[in-house]
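Read the structure below first, then the notes.
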Amino acid sequence: MTNRRNFLGSAAALGGLAMAGVPLRAHAAEMLTAVSYLPPSYADLAYGSQGFVDRVNQAASGAVTIDYHDSARLVSADEQLPALRSGTVDFMFHTTSYVTRSLPILGVLGLPGVVGPLYENPERLRRDGPLFALIESELAKQGLTCLSLGGGIMEPEWIWSIERAPITSLADIQGKKIRLVSFEASAALEHFGAAPVRVPSSELYIALERGTVDAAVANISTINGRSVQERIKYAYRLPVTGFAIGAFMTTRRWQALPEDAQASLIEAAEWFDEESARVANEEWFEQRYWPAFREMGIEVIEPSDAELAEFDAINADVRQIWLDEVGAEVGQRAIDLALGEEA
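Counted the way mature numbering (1 follows the signal peptide of the UniProt record, and there is no 0) counts, the sequence shown spans residues -28 to -1, 1 to 315.
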């Protein structure tokens, strides 16, 4: 039991520490429960989120600690956003393509005709830039705070096809059964005669082996992580769609944090912004996966400028659907910023 004598003794001891120059914390360290559906085996994509967590947990200030649950061990990918909004979790790392139906402003990161230029110019998505500020302001209307979108989108999702059903041009898409996931990608390739088939990444290898699909639209991390390159003969590098990995909190939870806890998270977010997409795209995909794939005999085909222009032009209606959803003024500004057409 705490009595008056014990209390006075404790107060005196604390006062003595303060006089001796030992800093005293004004409040207990904040604990945040954070989630991601990515397992550590996806070292390319998981590098950034794990690094973010490590930087916060190892910070000298000790103002905040993250209790991190990866591999969808706490909630599934589809449950992450509802869990964040309800307060079941405090923080999430999420792939933007999973939540564009709920957070439509993030759809700009996967729009056909926008993905290629945005990937080639990652600085346009940095957290100190106007595109990020616009996205951040739109998310704030839904009570969400985005600390970073990883400093850029990941390498776009290309078209990967098997030997007996090659896709090496736009014309080859006609009549092919293609694994597609997002609305934007499905709508884009349907214009060229594709038959979209929804297949989870865990079943993609066997779907290609059995002929359930002839090809897949996927990020190279999915191809490597599921050993799909063993079934693939052609990689047609048409930037169909794309995604970023973002760090999100509810605005309510963010604003409730003490300033030193916010500062620790901002410092980690700045590192995440510099390193997450860059390391995945350069050190994993470009320097490791692509050389290995080429050595396996995968033929890599780059679309011509004329094909890219045709793909962009024909998919104007896909962009229009998105513009109608988010609002013409906001949506067009986001597209312009992603394309570098406005400072």
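Idealized CB from N, CA, C, for every residue including glycine.
- If you check the CB distance, N191 and E254 do not come in under 8 Å.
- According to the DSSP secondary-structure assignment, K149 is paired through a beta bridge with A167.
- Two segments are said to touch when three or more pairs of C-beta atoms, one from each, lie closer than 8 Å; by this definition the segment 80 to 100 does not touch the segment 53 to 65.
- Around the beta carbon of M268, fewer than 16 other beta carbons sit within 10 angstroms, so the residue counts as exposed.
- The C-beta separation of P168 from L210 comes to about 15 Å, leaving the pair out of contact by the 8 Å criterion.
- DSSP places T222 inside the beta strand (DSSP E), whose first and last residues are 217 to 222.
- Here M3 carries a strand assignment [DSSP, helix/strand/coil].
- Listed in chain order, the beta strand (DSSP E) elements of length 3 or more contained wholly in the segment 246 to 274 are 271 to 273.
- Nearest to W132 by C-alpha distance, out of N93, R98, V189, is V189.
- For L161, the enclosing alpha helix (DSSP H) has its first and last residue at 155 to 162.
- Annotated three-state conformation of S133 is strand, per DSSP.
- The Cβ atoms of I217 and S43 lie no closer than 8 Å to each other.
- Distances from the CA of L116 to each of R224, S193, A160 were compared; the closest alpha carbon is that of R224.
- Residue burial is scored here from C-beta neighbours: K113 has fewer than 16 other C-beta atoms within 10 angstroms and is therefore classed as exposed.
- Within 10 angstroms of the beta-carbon of I134 lie 16 or more other beta-carbons, which makes it buried.
- Sequence-distant partners of E181 (beyond 5 residues in either direction) whose C-beta falls short of 7 Å from its own C-beta, in its chain, are R203.
- Under DSSP, V36 shares a beta bridge with E2.
- Rounded to whole angstroms, the gap between the alpha carbons of R136 and G85 is 29 Å.
- In its chain, beyond the 5 residues on either side, I77, L106, E110 have a beta carbon closer than 8 Å to the beta carbon of V302.
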